[in-house]
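>
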Amino acid sequence: MGAAAGVSLLGAAVLHAGPALSAVGPLRRRLLPALAGLGDAAHVALTFDDGPDPASTPMFLDALADLRWRATFFMLGDMARRCPSLAAEVAAAGHEVALHGDGHRSHLWRTPRSVADDVRRGLDSVAQATGAVPVWWRPPYGVITSSGLRASHQAGLRPVLWTTWGRDWRTEATPDTVMADVETDLVPGATVLLHDSDCTSAPGAWRAGLLALPRLAESFSRLGCEVGPLAEHGLD
Ligand SMILES: [Zn+2]
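In the working numbering, each number is its position in the sequence shown, counted from 1, plus 655.
#1: Would L816 count as contacting chain C if we go by Cβ distances under 9 Å?
#2: Who pairs with R736 in a beta bridge, going by DSSP?
#3: In this structure, how does DSSP classify D704 when only helix, strand and coil are distinguished?
#4: Given a cut-off of 9 Å, decide if A735 and Q783 are closer than it, judged by their beta-carbon atoms.
#5: Helix, strand or coil: how does DSSP classify E827 here?
#6: Identify whether A902 lies in helix, strand or coil by the three-state DSSP scheme.
#7: For S769, tell me which candidate among V788, T832, T800, V745 has the shortest Cα-Cα distance.
#8: Specify, as a first and last residue, the run of the beta strand (DSSP E) that T846 falls within.
#9: Measuring CA to CA, which of L716, R725, D721 is closest to G935?
#10: Out of curiosity, what's the CA-to-CA distance linking L687 and L804?
#11: Pop quiz: H755 and P814 are said to be a contact at Cβ under 8 Å. What is the actual Cβ separation, rounded to whole angstroms?
#12: Do L763 and W792 have their CB atoms nearer than 9 Å?
#13: Tell me whether P814 sits in a helix, a strand or coil according to DSSP, three-state version.
#14: Using C-beta distances below 6 Å, list every residue in its chain close to A845, excluding the 5 sequence neighbours before and after it, in chain order.
#15: Starting from V882, follow the alpha helix (DSSP H) in both directions and report where the run begins and ends.
#16: Is P789 buried or exposed, if buried means 16 or more other CB atoms sit within 10 Å of its CB?
#17: Among residues of its own chain, excluding the 5 on either side of G692, which ones have a beta-carbon nearer than 8 Å to its beta-carbon?
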C-alpha cells in the first residue's frame, strides 16, 4: 500500500514536471539541452507544428522554397488523414516529417492507454500519408508526461521541444511580434517553433509567422547559422 502510494506520487511528480519544464524555456534549455532541441551552434532547426493544412501549409512550402530552407513539420495524424496528398507534398519537397500527435489534446489527465493509442494512431497516419517514418515527437502544448514518454519510446520516437518560439498562435501576433518573440531566446543551435496551421490557434494567426520568415532569415544569418531540419541539427 505504502509502496503503491509512493509510485503514484512519483508518477504525479513526473506528470507535473512536463508542463513546468516546457513552460520555462531558458530553464529547460539549460537543464535538458537535447530535449529542448539545443543543437549544433552553426545551425538553427526550423520547426512547424499543427499541419498539414490546405489553407496555409502550401504557402509555407512556397516561402521555404524561396528561402531554400528545409524544415521539420510536426504533423497531426487527423490533419494528415484529411489531406494526405498535401502531407506527401511536404515530404516530397525535402522537408522532414515528424509527429505532433493524432489529435491535439493535452496528455495531462489522460490514461496511459489513451496517450499510447494517440501516439500510435498519429504515427501510422502520418507515415502512411507521407511515406516517411517520423523520428521526432513533440506532444501537443509541449506537455510531456510519463505516459507520453513511454508511448513515444515504445513507438521508436524521440521527444524534442523547442528553445524559442514565435507565439504565432495569438490573435494579436504580427510579423513584428513573431520576430521579437523568436529573438528573445534565439541562440546559436536554437530550435524555433512556428505553426503552419491555425487549427488550434486564432483564425489566420499563421500569417504572422509566414510573413516573418524572410526577416527571420536575417536574424539567423546574423547569428552565423544555417537553417535546416532537426535531422541536421546535431542532436544525436
Ligand atoms: Zn500544436
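Yeah, the Cβ is synthetic: ideal placement off N, Cα and C, and Gly gets one too.
As the structure is a prediction and not an experimental result, all values here were calculated from the model.
Per the coordinate set shown:
#1: Protein chain content of the structure displayed is limited to a single chain, and chain C is not contained in it.
#2: To locate residue 736, count along the sequence shown from 1; it is residue 81. Within the DSSP secondary-structure output, R736 pairs in no beta bridge.
#3: In the sequence shown, the residue the question calls residue 704 occupies position 49. Here D704 sits in strand by DSSP.
#4: As a first step, residue 783 must be located in the sequence shown, where it is residue number 128. As a first step, residue 735 must be located in the sequence shown, where it is residue number 80. Annotated as proximal: Q783 and A735, with beta-carbon spacing under 9 Å.
#5: Here the question's residue 827 lines up with position 172 in the sequence shown. Reduced to three states, the DSSP call for E827 is coil.
#6: With the chain covering only 656 through 891, there is no way to say anything about residue 902.
#7: As a working mapping, residue 769 is identified with position 114 in the sequence shown. Ranking the options by Cα distance to S769, first place goes to T800.
#8: Counting from 1 along the sequence shown, the entry for residue 846 is found at position 191. That run of the beta strand (DSSP E) goes 846-850.
#9: Any property of residue 935 remains undetermined from this structure, which presents the chain solely from 656 to 891.
#10: Counting from one through the sequence shown, the residue named residue 687 turns up at place 32. Counting from one through the sequence shown, the residue named residue 804 turns up at place 149. So the two alpha carbons sit approximately 14 Å from each other.
#11: Residue mapping note: residue 755 aligns to position 100 of the sequence shown, counting from 1. Residue mapping note: residue 814 aligns to position 159 of the sequence shown, counting from 1. About 11 Å separates the two Cβ atoms, so there is no contact after all.
#12: As a first step, residue 763 is located in the sequence shown; it is residue number 108 there, counting from the start. As a first step, residue 792 is located in the sequence shown; it is residue number 137 there, counting from the start. No. Outside cutoff.
#13: Position 159 of the sequence shown holds residue 814. P814: strand per DSSP, three-state reduction.
#14: Here residue 845 is taken as the residue at index 190 of the sequence shown, counted from 1. Once the five neighbours on either side are set aside, the close Cβ partners of A845 are V699, T818, T819.
#15: Here residue 882 is taken as the residue at index 227 of the sequence shown, counted from 1. V882 -> not in any alpha helix (DSSP H); beta strand (DSSP E) instead, spanning 881-883.
#16: Working through the sequence shown from its first residue, we reach residue 789 at position 134. With 16 or more other Cβ atoms within 10 Å, it is buried.
#17: Here residue 692 is taken as the residue at index 37 of the sequence shown, counted from 1. Correct list, in chain order: A700, T702, V815, L816, W817, T818, A845, T846, L885, H888, L890.
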